[in-house]
Amino acid sequence: MLVALLPLGAQAKTTDRQAPMDIDAGHTDALLTDDGDTVLSDGVVIVQGTLDVRSDKAVLHRKAGELSEVVLTGSPATLKQVNDNGEAMNARASQIVYTLSSDIVVLTGGVVIEQPRGTLRGESVKYDLKTGRLDGGGDGKRVQMRILPKTAGAK
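Quick note on numbering: the sequence shown equals residues 3 to 157 in the numbering used here.
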């Protein structure tokens, strides 16, 4: 099932990727090479610009010295971000996989995405931060959505 909801779609804040990434965790197991993984655990907090991520565990994958993918697990893992229009997006799931090169976030397990114009719930959702496009459901899984009407004066 393809979900392409303009009212729910919110693009990521474009300046966030240029901001430094601050990480706080209770424990780390890292390999300091250009192509290594870093495993963080015990209350992980990652902040980059308006992006605020919290999880029980995070695995940061690096390729050629650059962060390529972040895998977050928690009960739940949470992701918050403000778009260029100042609208907040809050998401939570058992697992969140963020691929930086494509700005794609795949959320699985008890997914809830909340934005000012609506809410989406399901077991699996792919979220394109560049376009705001959501793709969820499939494999017999259902998604539930609530779309709020535009308020008077909203454009």
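A virtual CB, placed ideally from N, CA and C, is assigned to each residue, including glycine. The structure displayed is predicted, hence computed values, not measured ones.
8 angstroms contact criterion, which residue i and residue j should meet: CB distance rounded
i       : j       : result
Leu-150 : Gly-120 : 5 angstroms
Lys-1   : Gly-112 : This structure cannot settle anything about residue 1, because the visible part of the chain is limited to 3 through 157.
Ala-93  : Val-114 : 7 angstroms
Backbone secondary structure at residue i - three-state DSSP
i       : result
Asp-18  : helix
Gly-112 : strand
Pro-9   : Caution applies to Pro-9, whose pLDDT of 34 falls short of 50 and renders its modelled position unreliable; the value that the coordinates give is listed next. Coil at Pro-9, not helix or strand.
Ala-66  : coil
Lys-152 : coil
Lys-128 : strand
Gly-45  : strand
Ser-96  : strand
Burial state of residue i (16 or more Cβ within 10 Å)
i       : result
Leu-53  : buried
Gly-90  : Looking at the sequence shown, residue 90 is not Gly but Ala. Ala-90 is exposed by the Cβ-count criterion.
Arg-148 : exposed
Thr-153 : exposed
Gln-146 : exposed
Thr-75  : buried
Asn-87  : exposed
Leu-122 : buried
Inter-residue spacing [alpha-carbon to alpha-carbon] between residue i and residue j
i       : j       : result
Glu-116 : Gln-83  : 11 angstroms
Gly-139 : Ile-25  : 32 angstroms
Asp-1   : Val-99  : Because the chain here runs from 3 to 157, residue 1 falls outside it and cannot be looked at.
Gln-50  : Arg-56  : 12 angstroms
Ser-126 : Ile-106 : 13 angstroms
Thr-17  : Met-23  : 12 angstroms
Thr-110 : Gln-97  : 5 angstroms
Gly-60  : Gly-45  : Residue 60 is actually Ala in this sequence, not Gly. The alpha-carbon atoms of Ala-60 and Gly-45 are separated by roughly 9 angstroms.
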